[in-house]
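Sequence positions in the sequence shown follow my numbering and run 110 to 364.
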Amino acid sequence: MNLIDTHSHIYLPEFEEDRVLMLERAEKEGVIKILMPAIDSKTHEKMLSGEMEHQPSCFSMMGVHPCSIRENYKDELKMAGEFFEKRNFKAVGETGLDFYWDKTFTLQQYAAFHQQIEWALQYEIPVVIHSRNSTDECIKVVSEHQKGKLTGVFHCFSGNETQAAQVIDLGFYLGIGGVVTFKNGGLDKVMEHISLEHVVLETDAPYLAPVPFRGKRNEPSYLKYIAAKLAEIKGVDLEEIGTITTANAEKLFNL
Ligand SMILES: [Zn+2]
């Protein structure tokens, strides 16, 4: 079975000790490609230095995470913008809005989100959206920019059925991760009604490990637990989950 982890921060210090072994485990479990979302200037170099060094193939995005939007956000955007001028990236991200941790920089988060969507349109690449406690607000921002050209994914989607339908209507994919395996998460019920053609898989490693590793460090090899849960919910073979979500990810990110 082939799987693609469309959202994995494998360049973070959490993997410093065992990165090579961790990627070998991923390959053994069928993970053929990994997309790496950027966070901010503290980790850009580390992310870019690891790209393509290993199997599975790893591909960088470029952007500024909403939780990294603070007083200096214009500098962060400038640096990310300079990377876009230098080379190609598979996506803009991760960007979006996060109203869970802190609302101090809400206006700045909006400004940075708009700017990054503009890059996605300019470079004709998808945008990867972080929408923690802000799904409706992110849907609204995307619809303001959607004139038929914008594509992307609502990463770590955990909204309701109505929001899922709105995301799909906008031509975006749902990034499904460990939350789908959580008891009482509610996402399993939502996914019963969602066609697999709109789904890509992700771990969001090192965060949000699926059951049975909930609360532990997450890693791409655990993607199979997410795929297995989705197979159970949809009543299809694991193989089919792999085939469909891999094709979706390859199409979306032009892999
Ligand atoms: Zn992330």
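Glycine is no exception: its CB is placed at the ideal position from the N, C-alpha and C atoms.
Owing to the predicted nature of the structure, the values given are computational and were not obtained by experimental measurement.
| request: Quickly, what does DSSP pair ASP297 with across the bridge? List them, please. | output: None; ASP297 has no bridge partner.
| query | From ALA318 to ALA274, what does the alpha carbon distance come to, in whole angstroms? | reply | Distance between the alpha carbons of ALA318 and ALA274: 26 Å.
| field | Start-to-end residues for the beta strand (DSSP E) that takes in LEU361 | value | For LEU361, there is no enclosing beta strand (DSSP E); the residue is part of the alpha helix (DSSP H) that begins and ends at 347-362.
| query | Are the CB atoms of GLN224 and GLY172 nearer to each other than 7 Å? | reply | The criterion of a C-beta distance shorter than 7 Å is not satisfied by GLN224 and GLY172.
| Is PHE266 closer than 7 Å to ASN242 when the C-beta atoms are compared? | Cβ atoms of ASN242 and PHE266: not closer than 7 Å.
| task | May I ask whether a heavy atom of ligand 1 can be found less than 6 Å away from the beta carbon of GLU203? | result | Yes, the Cβ of GLU203 comes within 6 Å of a heavy atom of ligand 1.
| message | Counting beta carbon pairs with one atom in the segment 188-195 and one in the segment 137-153, are three or more of them shorter than 8 Å? | response | Judged by Cβ distances under 8 Å, the segment 137-153 makes contact with the segment 188-195, as three or more pairs qualify.
| request: Compare the beta carbon distance of PRO235 and THR204 with 7 Å and say whether it is the shorter of the two. | output: No, these two residues do not count as a Cβ contact at 7 Å.
| request: Per DSSP, which residues does CYS265 bridge with? Please list them. | output: Paired residues: none, contrary to the question.
| query | Any heavy atom of ligand 1 closer than 6 Å to the Cβ of ASP313? | reply | Checking the 6 Å criterion, the Cβ of ASP313 is within range of a heavy atom belonging to ligand 1.
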